[in-house]
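What follows is a single structure, written as structure tokens, with notes after it.
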Amino acid sequence: MWVLLLGSFFTRGSYFMVWPFLAVILYEKFALTATQVGLVLSNAAIIAVFTSFIGSSLSDHFGRRRLMYFTGVLYVISFSLLAQVNSVSGYVVVMTLCAIATSLWRPLTAATIGDIIAEPQTRELAMQSLYFMVNAGCAVGPMAGVWMGLTGKQSSFYITAVAFALLILMLHWGFKRQQQRPIVQLDNAQPTAKYGMGMTLKVLLADRLLQCLILANILCMFIYAQTDSSLVQYLTRAEAPGLLSLISSIIFTNACVIISSQFLLLKLLASYPLTRRIQIGLLLLLVSQLWLALNPIELFWGWIGAIVVLSLGETILFPTMNVHIDRLAPDHLRGAYFGAASAYDFGFALAPLGGGIILDHWGGPALFVTAASLTVLVIYLYRILDRLPRPDFTSLSKPQSDSPRVD
182 MWVLLLGSFF
192 TRGSYFMVWP
202 FLAVILYEKF
212 ALTATQVGLV
222 LSNAAIIAVF
232 TSFIGSSLSD
242 HFGRRRLMYF
252 TGVLYVISFS
262 LLAQVNSVSG
272 YVVVMTLCAI
282 ATSLWRPLTA
292 ATIGDIIAEP
302 QTRELAMQSL
312 YFMVNAGCAV
322 GPMAGVWMGL
332 TGKQSSFYIT
342 AVAFALLILM
352 LHWGFKRQQQ
362 RPIVQLDNAQ
372 PTAKYGMGMT
382 LKVLLADRLL
392 QCLILANILC
402 MFIYAQTDSS
412 LVQYLTRAEA
422 PGLLSLISSI
432 IFTNACVIIS
442 SQFLLLKLLA
452 SYPLTRRIQI
462 GLLLLLVSQL
472 WLALNPIELF
482 WGWIGAIVVL
492 SLGETILFPT
502 MNVHIDRLAP
512 DHLRGAYFGA
522 ASAYDFGFAL
532 APLGGGIILD
542 HWGGPALFVT
552 AASLTVLVIY
562 LYRILDRLPR
572 PDFTSLSKPQ
582 SDSPRVD
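For what it's worth, the numbering used here labels the leading residue of the sequence shown as 182, then goes sequentially.
In structure tokens:
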């Protein structure tokens, strides 16, 4: 667990030292429009979503360890190549590899936590801690990049490649010493119920609550990702004063708010049901989108204020989403459920393209008004979530030929 926590801190720090500035690099180097930049980013992310589901489901059968090693090596290769490419087509290919690695890593890490920690409350704390360390890295990375003069430089991607190479070594050391108790998935033993890919899909398709949850969170990620991708494009094209400093400050503020408020908010909201916590986070997300729509382009502290509100909503939403999936998933299908939850990434995948199209045709304020409207829809989906049916996992765990049909 400590390897996962420390590894997340260093790899995310190096990742966010350079990745958020990729849209700036593409714009300045190739003079791409907002729609074209969005298409490049979305293409990579959409491919990665399908890869994530397949890889996470296979981890239930073949073990997390092998796939985590594979993903780490893929990170090293893709970020090393990203530091060298000089064409749009090269960026498309290499960014796809990066996106695949990222979409595999997140559900594998979350599922591994479920494997090594049995007690639900401790597991929730572990997932909150992982999210905390990721954001601590996000806070340090961009500001360290500015301080070292690396921000926005293509060669900086080598730093991320080295960080992931070190994480592979740390994982090898950690897995060898994980001997406190038998761990089914990590040790590649057979699960209690053998599920083929077809049976796994049958279970997921029968879980109406999971499907509604995925739709709601796809929309939620689409909204949130506008700050991650389209806001940068909007500020770049509107020639906001002190652009690189503003982008770095936005990322730094986002991470610092999460770091300083995460466990306080966790304690304050501990007595609330998970869905109620998420609804509170969505209300904060709604306020932030309206603020971004109304903020004048030259008002530096206005942008920072909107990000503070957005970050408070994110602090509640994102770790709670992982805990929600962990509680919904049967033990023998944890990898499949986290893999299915990676469909959330469709929101991230479509956000750059959708945001780019709106930016090119209607401008930044219209983009964030649209995002606010979608937030209202997500709030409604969460209100009806608990009324939806779920499959009978007891009957589904029987051999496939004896299993009754699930409507």
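Here a beta-carbon is modelled for each residue, glycine too, at the ideal position from N, C-alpha and C. No experiment lies behind these values; they were computed from the predicted model shown.
Check your understanding: Relative to the C-alpha of Leu-562, which residue among Thr-341, Pro-454, Cys-393 and Leu-464 is closest?
Key -> Cys-393
**Study point:** Gln-443 classed as buried or exposed, judged by whether at least 16 other C-beta atoms fall within 10 angstroms
**Key:** buried
Practice item. Answer with buried or exposed for Thr-252, where buried requires no fewer than 16 other C-beta atoms within 10 angstroms of its C-beta. Key: buried
Check your understanding: Looking only at its own chain, which residues have a Cβ that is under 8 Å from the Cβ of Leu-367, when we skip the five neighbours before and after it?
Key -> Confidence is the limiting factor: at Leu-367 the pLDDT is only 45, short of 50, which leaves the residue's position unreliable and the question unanswerable from this model.
Exercise for review: Find the nearest neighbour of Ser-310 within the set Leu-445, Thr-283 and Leu-425, judged by alpha-carbon distance.
Suggested key: Leu-445
Exercise for review: Please confirm whether Leu-558 and Leu-450 have their CB atoms less than 8 Å apart.
Suggested key: no
Review point. Among Ala-521, Ala-532, Ser-189 and Arg-508, which one has its Cα closest to the Cα of Ala-346?
Key: Ser-189
Point to revise | Candidates Glu-479, Ile-432 and Ala-291, of which the one nearest Ser-410 by Cα | key: Ile-432
**Study point:** Given Pro-570 as reference, the closest of Ile-459, Leu-386, Glu-479 and Gln-302 once Cα atoms are compared
**Key:** Leu-386
Review point. Is it right to say Gln-470 is buried, meaning 16 or more other beta carbons lie within 10 angstroms of its own, or is it exposed?
Key: buried
Exercise for review: Go ahead and pull the three-state DSSP assignment for Lys-579.
Suggested key: In this prediction, Lys-579 has a pLDDT of 46, which is less than 50 and means its spatial position is unreliable; what the coordinates show is noted afterwards. Lys-579 falls in the coil class under three-state DSSP.
Review point. Based on Cα-Cα distance, which residue from Phe-529, Arg-304 and Arg-508 lies nearest to Ile-228?
Key: Phe-529
Practice item. State whether the segment 524-542 contacts the segment 206-218, with contact taken as three or more CB pairs (one from each stretch) at a distance under 8 Å. Key: yes
Check your understanding: So the alpha helix (DSSP H) Trp-269 belongs to, where does it begin and stop?
Key -> Per the sequence shown, the amino acid found at residue 269 is Val instead of Trp. Its alpha helix (DSSP H) spans residues 269-297.
Exercise for review: Could you pull the start and end residues of the alpha helix (DSSP H) that Ile-565 belongs to?
Suggested key: Premise fails: Ile-565 is in no alpha helix (DSSP H) and is neither H nor E.
**Study point:** 4-residue-minimum alpha helix (DSSP H) runs that sit fully inside the segment 454-531, ordered along the chain
**Key:** 455-475, 481-509 and 515-522
Review point. What are the boundary residues of the alpha helix (DSSP H) that includes Gly-544?
Key: Taken as a continuous stretch (DSSP letters only), Gly-544 belongs to no alpha helix (DSSP H), as it is neither H nor E.
Check your understanding: Where Arg-193 and Trp-354 are concerned, what is the direct C-alpha to C-alpha distance, given to the nearest angstrom?
Key -> 20 Å
Review point. For Val-343, which of Ile-281, Ile-258, Asn-398 and Gln-302 has the nearest alpha-carbon?
Key: Ile-258
Review point. Can you tell which of Glu-305, Arg-568 and Ile-488 has the C-alpha that lies nearest to the C-alpha of Phe-549?
Key: Ile-488
**Study point:** CB contact flag (Ala-601, Ala-474, <8 Å)
**Key:** The chain is shown from 182 up to 588; residue 601 falls before or after that span and cannot be answered.
**Study point:** Rounded Cβ spacing between Thr-434 and Tyr-196 (contact assumed at less than 8 Å)
**Key:** Contact doesn't hold; Cβ gap of about 18 Å is too wide.
Exercise for review: Pull up the distance between the alpha-carbon of Trp-183 and that of Met-308, whole angstroms please.
Suggested key: 12 Å
Review point. DSSP state of Val-266, grouped into three classes?
Key: coil
Check your understanding: Anyone know if the C-beta pair for Ala-406 and Ala-532 falls short of 8 Å?
Key -> yes
Practice item. For my contact list, Val-315 and Ser-523 are in at a C-beta cut-off of 8 Å; report their separation, rounded to the angstrom. Key: No, Val-315 and Ser-523 are not in contact; Cβ-Cβ is about 16 Å, not under 8 Å.
Exercise for review: Within 10 angstroms of the Cβ of Arg-304, are there 16 or more other Cβ atoms? Answer buried if so, exposed if not.
Suggested key: buried
Exercise for review: Could you tell me which of Phe-211, Val-254, Arg-564 and Ala-521 sits nearest to Leu-348, measuring between CA atoms?
Suggested key: Val-254
Review point. Looking at Val-266 and the ligand GTP, is the gap between the Cβ and the nearest heavy atom below 7 Å?
Key: Of the ligands one can find in the structure shown there are none, so the ligand GTP has no counterpart to examine.
Practice item. Would you decide whether Val-269 is buried or exposed? Buried here means 16 or more other CB atoms lie within 10 Å of its CB. Key: exposed
Review point. How would you call Glu-495, buried or exposed, if buried means at least 16 neighbouring beta carbons within 10 angstroms?
Key: buried
Review point. Hey, how far is the Cα of Trp-286 from the Cα of Gly-486?
Key: 32 Å
Review point. Mind checking Asp-526: buried by the 16 CB within 10 Å criterion, or exposed?
Key: buried
Review point. On the premise that Ala-317 lies in contact with Ile-428, defined as a C-beta separation below 8 Å, what is that separation, rounded to the nearest angstrom?
Key: 19 Å between Cβ atoms; not a contact.
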